[in-house]
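This report concerns only the one structure given below.
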Amino acid sequence: MAPTVRRTQAERRETTQRAILEGAARALEEVGYNKFTTAFACERAGVSQGALFRYFPTKNALVVAAARHIFAQLRDSFGSQLLKGKGRPTEAKAVAALWDVFSSPTLRVIYELYCAAATEPEIAEGLRPIVDEHTEATHLAASRLFPVHAREKSFHALIDMMLFSMQGASLQFCARRDPARGRALLEFLVDAVEAK
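Offset between the sequence shown (1-based) and the working numbering: plus 1486.
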């Protein structure tokens, strides 16, 4: 029988924090921001309220940390989609991978938090640097993927156009899914990128 490997205190803390963030993200996705409670997050994470509050002193602190966790998951999802299949990433593949991210039900959580930020200063203050980091990381990833295009003056405006178009479409699709319009938008964005 192999000896039991004891984890360090730092490893145990990291595991607990990750479980709390994943539980909070699941809870937000299941019940939405308005019905979200720390008790529900604890239930999903399998931890006590005491454990949660050791790491996140308020509900809003937990929500903001969960948002950071969700953004990281979305970036990972984009990378995974982009690397599927053979060959190097093309413009069309990058746009399709981005659309897959914007089609994720998890993104609805972020939209709810954007709305909450309009009336809750603590959420707004917490989200601002996270959104800035995410936007910067997205532009940096695009520049690394397509360094030749990145030298063009309109490159970052094109990236923003894609992001905002997809964001608007996916937000509308929260209320009414329209696969045909989604495909049409995707084709238009692919054409726009390939025409550069």
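Don't be surprised by glycine CBs; every beta carbon is placed ideally from N, CA and C.
query	result
For R1492 and E1638, the rounded distance between their alpha carbons	53 Å
Residue closest to E1608, alpha-carbon to alpha-carbon, out of A1670, P1543 and K1570	P1543
Whole-angstrom distance between L1568 and A1580, CA atom to CA atom	6 Å
Sequence-distant residues of its chain with Cβ nearer than 6 Å to C1660 (five each side left out)	R1594
Given M1647 as reference, the closest of L1560, L1657 and L1675 once Cα atoms are compared	L1675
Buried versus exposed, by CB contacts within 10 Å (16 or more), A1527	buried
Where the alpha helix (DSSP H) through V1550 begins and ends	K1545 to L1569
Inter-residue CB distance, L1514 and H1555 (contact presumed, cutoff 8 Å)	Not a contact, Cβ separation roughly 10 Å.
F1539 (DSSP reduced to helix, strand or coil)	helix
Cβ distance (whole Å) where S1651 is taken to contact L1671 below 8 Å	6 Å
7 Å CB neighbourhood of I1596 in its chain, flanking five on each side removed	A1553 and I1556
Nearest-angstrom Cα separation, counted from L1649 out to T1502	33 Å
Span separating the alpha-carbon of G1509 from that of A1681	43 Å
E1680 (DSSP reduced to helix, strand or coil)	helix
Straight-line Cα distance separating R1614 from A1531	26 Å
Presumed contact (8 Å Cβ cut-off) between E1598 and Y1519, rounded CB distance	4 Å
Reduced DSSP secondary structure (H/G/I, E/B, other) of F1674	helix
Coarse secondary structure for F1650, derived from DSSP in three states	helix
Presumed contact (8 Å Cβ cut-off) between R1663 and A1623, rounded CB distance	Not a contact, Cβ separation roughly 28 Å.
8 Å contact criterion, which T1524 and L1548 should meet: CB distance rounded	6 Å
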